[in-house]
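Student: Chains as they are written, first to last, in the numbering used here: chain S, -16 to 332; chain Z, -16 to 332; chain W, -16 to 332; chain R, -16 to 332.
All residues carry an ideal CB built from backbone N, CA and C; glycine is no exception.
4 protein chains.
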Amino acid sequence: MKGKMRAIQKVRREPGFDLVEVDIPEIASEEVLVKVHATAICGSDVHFYNWDDFAKSKLNPPITIGHEFAGEIVEVGDRVKRFQSGDRVAADSHIVCGECAVCKIGLQHICQNLKIFGNETDGSFAEYVAVPETSLWPLADDVSFDIGAILEPLGGAVQAVLVEPVTAKSVAIFGDGPIGLFAVGVARAAGARKIYHVGVIEDRLAISKQMGADVIINNLKEGVDAVQVILDGTGGVGVDVAVELAGAHQTNKQAFETVRKGGRVTLFGISSTPMEFDFNYSIILRQVRAQGVAGRHMWDTWHMMDGLLEAGLDPQPVITCVLPMEQWEDGLKQMVAKECGKVIIKPQL
Amino acid sequence: MKGKMRAIQKVRREPGFDLVEVDIPEIASEEVLVKVHATAICGSDVHFYNWDDFAKSKLNPPITIGHEFAGEIVEVGDRVKRFQSGDRVAADSHIVCGECAVCKIGLQHICQNLKIFGNETDGSFAEYVAVPETSLWPLADDVSFDIGAILEPLGGAVQAVLVEPVTAKSVAIFGDGPIGLFAVGVARAAGARKIYHVGVIEDRLAISKQMGADVIINNLKEGVDAVQVILDGTGGVGVDVAVELAGAHQTNKQAFETVRKGGRVTLFGISSTPMEFDFNYSIILRQVRAQGVAGRHMWDTWHMMDGLLEAGLDPQPVITCVLPMEQWEDGLKQMVAKECGKVIIKPQL
Amino acid sequence: MKGKMRAIQKVRREPGFDLVEVDIPEIASEEVLVKVHATAICGSDVHFYNWDDFAKSKLNPPITIGHEFAGEIVEVGDRVKRFQSGDRVAADSHIVCGECAVCKIGLQHICQNLKIFGNETDGSFAEYVAVPETSLWPLADDVSFDIGAILEPLGGAVQAVLVEPVTAKSVAIFGDGPIGLFAVGVARAAGARKIYHVGVIEDRLAISKQMGADVIINNLKEGVDAVQVILDGTGGVGVDVAVELAGAHQTNKQAFETVRKGGRVTLFGISSTPMEFDFNYSIILRQVRAQGVAGRHMWDTWHMMDGLLEAGLDPQPVITCVLPMEQWEDGLKQMVAKECGKVIIKPQL
Amino acid sequence: MKGKMRAIQKVRREPGFDLVEVDIPEIASEEVLVKVHATAICGSDVHFYNWDDFAKSKLNPPITIGHEFAGEIVEVGDRVKRFQSGDRVAADSHIVCGECAVCKIGLQHICQNLKIFGNETDGSFAEYVAVPETSLWPLADDVSFDIGAILEPLGGAVQAVLVEPVTAKSVAIFGDGPIGLFAVGVARAAGARKIYHVGVIEDRLAISKQMGADVIINNLKEGVDAVQVILDGTGGVGVDVAVELAGAHQTNKQAFETVRKGGRVTLFGISSTPMEFDFNYSIILRQVRAQGVAGRHMWDTWHMMDGLLEAGLDPQPVITCVLPMEQWEDGLKQMVAKECGKVIIKPQL
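Here is the structure:
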């Protein structure tokens, strides 16, 4: 498809993005062209916007940002087999080699030659985006493009919560960013016994209540001790499962202090620095299992998401803002200010 | 505690029971005396009532019937450590040796020296019952005695459904007896993707709807083919999990015909005769896993039940009838006629 | 590569094969040409040779037979990425779609659109064979071509035995064909507690001893009751794991009668007819898990095989005969007579 | 049994033990009296001997030391059911409540009311010892008392290595104390692909070779970089499983640096201080699972040990010294100097 389109790009090696006009991407033989109906802003996009050290190490401008999206296929390459024009799709942001030792044992999402879509290739903050067939996921008929656009981060929450079953188990979730809010919904949908949610922002914790949290704890509230609240609530035993999604030293510590003997701590939140850690108490003597989760599995987690949505999981309350493309910077400013849940941009509006 | 009480006994080696007056049981050192507040009629009790071959092989009259119950402790033996008078309790019907090869690997419920409470010892269709401490389960404060009395059969459903996780999975449940109805509720509470429930009795299938089934199929309805309905509903792939609770040849066959390649069939329903079975198609070529379930695990399943009840599982709709002790025979007749869900008898009314 | 080569083909729709001269296959873009150094005769090839009903339903002559092989790549298609000329390789016989519901959850080997190499396409009883890159497995330097040629059936044994761990467990293996003999070696290498091997052919059971069986039982020997021997050897409890590889009604029955309560029966052997089966005793009341295994997983099982060979598993004793291509019919006759273990044909000799 | 016996006691709150004459212990109703044939010195006994802070926090003198032993029952209490005089037995050192939330889910060994035999009660460095029936394990006929005396620490190694299967997997074991040496033997018996053993004492690493290590690495040897050796040996990928048994900061770091993406690190060695830990690299981004192991499971691990011994695991090379009771201090001095493997004391010699 020939022509011009609008795209939000990192044009220069400095803070900010630009809404620019560029060529509609040409697709390779094994790619499709997707007309983007909804694309969501990720925390990593905020880093790119701010042009911090992380961003400098990742991006090579000019590049179109964005890797969480859903849309409709409008053109397919000649070697594409499973998809056709008109198909509604979402996509995983991971481009994997499929051949390394890690891929071969089914862990493609931590492929040793991993590329991230919208970091190393032009992304989805645009009217059109080129996507390899191998990264596409068919969108069920009754799933909206807005929900389709947040499946990628929802997948992180699903993997973090459900890496082992939580049905009938008590769960403490640390971190109230969008993935934390999704995690609450996932634990609820999966039949968790009781969900404790620990965060720092009242507006987000209010959404958490909607997502199904039983006990909300604000770490910034004076006189509140999250560890004590959770231990009291579990008869001093601790929760079966603690899920750390904030990456803060405080919540990491709380996760290990609130998990019961023999329980599971899932670690997902990236912290900015190493931390002092007491292996004896935290892991060994209490026989705790600390499971790192690096994202969705391809495609187990996506398959599971389809199932959870059908089972009744509703991530809609986490989407707090839907903007036309021109107002992209409002969305980013909300993200910077942490005043929002998930922000969706609609290139087609 | 000295004195007389009323009890429903098999007095003679013939059909029927009698409501008789007997001594309140004396307790041994490691037993407690429970004042029975609610006791439920099990399918096996119907066999005992009818005095069929199964009953003849099991019972040695006179014996008080009943093994599903909840009540309050009114007396404790001198070696009892964890319970005291006033405690609200339910109980597992299994009396296990704790020492055989099977017990030693954590499968007490299939103990090689298993005794069933209310079969080999005086049971709970009585105002008082003596129970070994090792069979007791503390009843949570917000769980009623009626629900407490059906925890034992509910545990079978929990074990059958959750022997492997069902969250986000499609599930077909075969059999609409009380355990089938419980199973629907358990799958729903655990976040199953979609629940197909196959039965034969409209009144029970109506309860199933309340318990959360998505698709109800009546095997007796003309022109309805359960296998076809389920395959159509799953795009021809089949369900992830099939749970057979009816013990009929027809439903056994349907379970294997509706499970997907690589899926799980849980077998729980006892059939009256062996059946012709095609291992090639049913198990081997489609790599299916057929898991027998023989009842609740002590005490994993009970612990899980506490969690499910707290998570929102409500088994109440399955209890269709609560009767004072004098009307015990009405309850048994309903059970014989399969006109009911679970029938509860209240010895203290 | 242009030219002629020798190949063993089913030329006509009747019993027998022919050694014929045909064109060296042309390769497609994503295929490689392998110079076959060793190829093994599978039980299914015997069916093809005999031209029985199974064969008639599978083959469309003329076709080159053979799907167990190893060799050296001599030519690569222009879209092949991971392999190059000179690479030593083996191959999985499964050609999978990679896209169906079953493939998507990691069970490619039971792909809903499965094709078998050497059944639906020209196979490896030839000097050269064309193979899709996606079916290739790199052969470790210290693994001979002969061992390479039997990795495919060995993979069946590995999957059947190790679908759940056997370390420190008692194992009974039923069936003394090549896969049964491999299974003994696999259980031994994996640290099984004690291995009972039940077969019918003394010569093969002698190989079993070499592979590490502790107790050899010949079902045809008068006065020997395999079930009794195994129960006696396990204190009446039964084995932790029973692996059925013969597909006979007798051994199927024995597998369920010798497994302990709560144990695992793996079913792999295809039987010619359905059989009468007592679900109550065999599976439900004793809480047994019957796991069908339909072959190697791609590529978990292959990866595991590399590990087992490095750990010391030696399948060499199972290879009882290595023949030059001209003597192919001797090999088939041995297979028909069940006088052998595994027979290897060397097209390059 | 009335009379006097010799015992090694901590008599005073200061360094050292004393060989004293004391009364043979009286047994309670549910206890047995064991004539100790072999008892082994544990690392914790060295702390008690040295009277360090750990010892001061644990012991309340006078107390007989020792908790690893095997012997023969010479007297049984009147409520003992499963054992009788003449039985050969070993014992788990854990005295558990069986009733707390953790016990109830099958993790007795981390019971919330745990007592250690020989710490809080009189132990096995004596001619006789009183043991609750619930702590006894029957010793198989072909297992010597010496091996019986080291089953307790061997159980730690078994649990650490086999908490998940290692068959066909590459394993790196850190720490060359007795449990490290046992761990090598366990990984070998279970069919590990390749075993890297990292230690600091040449004499112990020589025993490791006997136990089956493939690659021995001495962290104290100049120019040797354990991480590099292991990465080179695994094609840069890392090992599937790393087992940390030394409790040193260096080996903890090495374990996380040598495990592959998606792999397992088992943590067992107690470190003296917290350490700086990079969760991002070590656990999250590489999706590593860090599993704490706090000792043997009762009784799964013991059952597994019986199986491993029958499968051929031979822990004998780790026993480097067997002494009569009078020479107990030689044994302790060897332990202090780390000049030995396991030291056994024979009270009956």
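If we call anything under 7 Å between Cβ atoms a contact, is Pro300(Z) one with Leu137(Z)?
Tutor: As a working mapping, residue 300(Z) is identified with position 317 in the second sequence. As a working mapping, residue 137(Z) is identified with position 154 in the second sequence. Not in contact: Pro300(Z) and Leu137(Z) (Cβ atoms no closer than 7 Å).
Student: Let me confirm a value: Pro148(Z) is counted as buried when at least 16 other C-beta atoms fall within 10 Å, else exposed. Which label applies?
Tutor: Against the second sequence, residue 148(Z) aligns to sequence position 165. Pro148(Z) is buried by the Cβ-count criterion.
Student: For the putative contact between Ile162(R) and Val181(R), defined by C-beta atoms under 8 Å, what is the C-beta separation to the nearest angstrom?
Tutor: Reading the fourth sequence from its first residue, position 179 is the one you call residue 162(R). Reading the fourth sequence from its first residue, position 198 is the one you call residue 181(R). Not quite, the Cβ-Cβ distance comes to about 14 Å (not below 8 Å), so this is no contact.
Student: Along chain S, which residues have their Cβ under 7 Å away from the Cβ of Glu293(Z)?
Tutor: As a position in the second sequence, residue 293(Z) is number 310, starting the count at 1. In chain order: Arg176 and Lys177.
Student: Applying the criterion that 16 or more other CB atoms from any shown protein chain within 10 Å of the CB defines a buried residue, is Asp215(W) buried or exposed?
Tutor: The residue given as residue 215(W) occupies position 232 in the third sequence. Exposed, since its Cβ has fewer than 16 Cβ neighbours within 10 Å.
Student: To which residues does DSSP link Trp120(R) through a beta bridge?
Tutor: The residue you call residue 120(R) lines up with position 137 of the fourth sequence. For Trp120(R), which the question treats as bridged, DSSP gives the partners Ala73(R).
Student: Cβ of Ala238(R) versus every heavy atom of the ligand MN: is any distance shorter than 6 Å?
Tutor: Inclusion of the ligand MN in the displayed structure is not the case, the ligand content being empty and no account of it being possible.
Student: Taking three-plus beta-carbon pairs below 8 Å as touching, is the stretch 59 to 77 of chain R in contact with the stretch 232 to 245 of chain R?
Tutor: no
Student: Would Gly89(S) count as contacting chain W if we go by Cβ distances under 7 Å?
Tutor: Indexing the first sequence from 1 puts residue 89(S) at position 106. Residue contact check for Gly89(S) against chain W: a CB pair falls below 7 Å.
Student: Specify the secondary structure class of Lys152(W) as computed by DSSP and reduced to three states.
Tutor: If you number the third sequence from 1, residue 152(W) lands on position 169. Here Lys152(W) sits in coil by DSSP.
Student: So which of Arg176(W), Tyr179(W), Ala172(W) and Ile178(W) has the shortest CA-CA distance to Arg176(R)?
Tutor: By 1-based counting over the fourth sequence, the position of residue 176(R) is 193. Ranking the options by Cα distance to Arg176(R), first place goes to Ala172(W).
Student: Mind reading off the beta-carbon distance from Gly252(W) to Ala229(W)? Whole number of angstroms is fine, and I expect it under 8 Å.
Tutor: The count along the third sequence starts at 1 and reaches residue 252(W) at position 269. The count along the third sequence starts at 1 and reaches residue 229(W) at position 246. The pair is a contact, with the Cβ atoms about 5 Å apart (cut-off 8 Å).
Student: Look at the alpha carbon of Ile213(Z) and the alpha carbon of Val154(Z), and state the distance between them as a whole number of angstroms.
Tutor: Within the second sequence, the letter at position 230 stands for residue 213(Z). Within the second sequence, the letter at position 171 stands for residue 154(Z). Roughly 10 Å between the two C-alpha positions.
Student: Would you kindly work out how many angstroms separate the C-alpha atoms of Ile46(R) and Met288(R), rounded to a whole number?
Tutor: As a working note, residue 46(R) is residue 63 in the fourth sequence. As a working note, residue 288(R) is residue 305 in the fourth sequence. Each residue's Cα considered, the two are about 30 Å apart.
Student: Between Gly101(Z), Gly278(Z), Ile133(Z) and Glu82(Z), which has its C-alpha nearest His50(Z)'s C-alpha?
Tutor: Taking the first residue of the second sequence as 1, we reach residue 50(Z) at position 67. Closest in alpha carbon position to His50(Z), among Gly101(Z), Gly278(Z), Ile133(Z) and Glu82(Z), is Gly101(Z).
Student: Counting only Cβ-Cβ distances shorter than 7 Å, please list the residues of the stretch 132 to 153 of chain W near chain R, keeping chain order.
Tutor: Residues are counted here when their Cβ sits less than 7 Å from a Cβ of chain R; for the stretch 132 to 153 of chain W these are Leu145, Pro148, Thr150, Ala151 and Lys152, given in chain order.
Student: Among Gly160(W), Ala(-10)(W), Asn43(W) and Glu(-3)(W), whose alpha-carbon lies nearest the alpha-carbon of Ala109(W)?
Tutor: In the third sequence, counting from the first residue as 1, residue 109(W) sits at position 126. Looking at the Cα atoms, Ala(-10)(W) is the closest of the given residues.
Student: So with CB distances below 8 Å, who are the chain W contacts of Ala173(R)?
Tutor: Position 190 of the fourth sequence, counting from 1, holds the residue named residue 173(R). In chain order: Thr150, Ala151, Ala173 and Gly174.
Student: Run through chain R and tell me which residues come within less than 9 Å of Asp283(Z), C-beta to C-beta.
Tutor: Locating residue 283(Z) in the second sequence gives position 300, where the first residue counts as 1. Neighbours of Asp283(Z) on chain R, chain order: Lys87, Ile88 and Gly89.
Student: Are the C-beta atoms of Arg65(W) and some chain S residue less than 7 Å apart?
Tutor: Here residue 65(W) refers to the residue found at position 82 of the third sequence. For Arg65(W), the answer is yes, since a Cβ of chain S falls inside 7 Å of its Cβ.
Student: Give me, in chain order, the residues of the same chain whose beta-carbon lies closer than 7 Å to that of Ala38(Z); leave out the 5 immediate sequence neighbours on both sides.
Tutor: Position 55 of the second sequence, counted from the start, is the residue given in the question as residue 38(Z). Answer for Ala38(Z): His30 and Phe31, listed in chain order.
Student: Using a Cβ cut-off of 9 Å, pull out every chain R residue sitting near Glu333(Z), in sequence order please.
Tutor: No answer is possible for residue 333(Z): it lies beyond the span of chain Z, which begins at -16 and ends at 332.
Student: Against chain Z, with Cβ distances strictly below 7 Å, would Gly275(W) count as a contact?
Tutor: Residue numbering aside, residue 275(W) sits at position 292 when the third sequence is read from its first letter. Cβ-Cβ to chain Z under 7 Å: yes for Gly275(W).
Student: At 3 residues or longer, and completely inside the stretch 216 to 246 of chain W: list those beta strand (DSSP E) runs for me, N to C.
Tutor: 222 to 227
Student: Which of the residues in the stretch 245 to 275 of chain S, read from start to end, lie with their CB under 7 Å from any CB of chain R?
Tutor: Gly245, Leu250, Phe251, Ile253, Ser254, Pro257, Met258, Glu259, Phe260, Asp261, Phe262, Asn263, Ile266, Ile267, Leu268, Arg269, Gln270, Val271, Arg272, Ala273, Gln274 and Gly275
Student: Hey, how far is the Cα of Glu240(R) from the Cα of Glu309(S)?
Tutor: Against the fourth sequence, residue 240(R) aligns to sequence position 257. Against the first sequence, residue 309(S) aligns to sequence position 326. Cα to Cα, Glu240(R) sits roughly 46 Å from Glu309(S).
Student: Check the Cβ-Cβ distances between Met287(R) and every residue of chain W, and say whether any is below 7 Å.
Tutor: In the fourth sequence, counting from the first residue as 1, residue 287(R) sits at position 304. Yes, Met287(R) lies at the interface with chain W (some Cβ there is under 7 Å from its Cβ).
Student: Which bits of chain R does Gly206(W) rub up against, with CB to CB less than 7 Å?
Tutor: Locating residue 206(W) in the third sequence gives position 223, where the first residue counts as 1. Those do not exist, as Gly206(W) stays about 27 Å from chain R at its closest Cβ, beyond 7 Å.
Student: Say whether chain S places a C-beta atom closer than 7 Å to the C-beta of Val181(R).
Tutor: Your numbering for residue 181(R) matches position 198 in the fourth sequence. It does not: the Cβ of Val181(R) has no partner Cβ on chain S nearer than 7 Å.
Student: Please report the straight-line C-alpha distance between Phe66(W) and Glu82(Z), rounded to a whole angstrom.
Tutor: Start at 1 with the first residue of the third sequence, and residue 66(W) comes out as number 83. Start at 1 with the first residue of the second sequence, and residue 82(Z) comes out as number 99. Taking the straight line from one Cα to the other gives about 57 Å.
Student: So with CB distances below 9 Å, who are the chain R contacts of Gly290(W)?
Tutor: For the purposes of this step, residue 290(W) is taken as the residue at position 307 of the third sequence. Within chain R, the residues near Gly290(W) are Thr150, Ala151, Lys152, Ser153, Gly174, Ala175, Arg176, Lys177 and Asp223.
Student: Within its chain, find whatever has a CB closer than 8 Å to the CB of Val276(S); leave out the 5 residues flanking it on each side and keep chain order.
Tutor: Working through the first sequence from its first residue, we reach residue 276(S) at position 293. Hits under 8 Å: Gly139, Gln142, Ala143, Val146, Thr249, Leu250 and Phe251.
Student: On the three-state DSSP scale, how would you describe Met(-12)(W)?
Tutor: If you number the third sequence from 1, residue -12(W) lands on position 5. Residue state, collapsed to three classes: strand.
Student: Could you pull out every unbroken alpha helix (DSSP H) segment of at least 4 residues lying fully inside the stretch 125 to 193 of chain W, listed in chain order?
Tutor: Complete alpha helix (DSSP H) runs here, min 4: 128 to 132, 134 to 145 and 161 to 172.
Student: In chain order, what residues of the stretch 225 to 238 of chain R put their CB closer than 8 Å to some CB of chain S?
Tutor: Listed by position, the residues of the stretch 225 to 238 of chain R near chain S (Cβ gap below 8 Å) are Asn235.
Student: Just how far apart, CA to CA, sit Arg269(W) and Ser27(Z)?
Tutor: Counting from 1 along the third sequence, the entry for residue 269(W) is found at position 286. Counting from 1 along the second sequence, the entry for residue 27(Z) is found at position 44. Looking at the two C-alpha atoms, the distance is approximately 18 Å.
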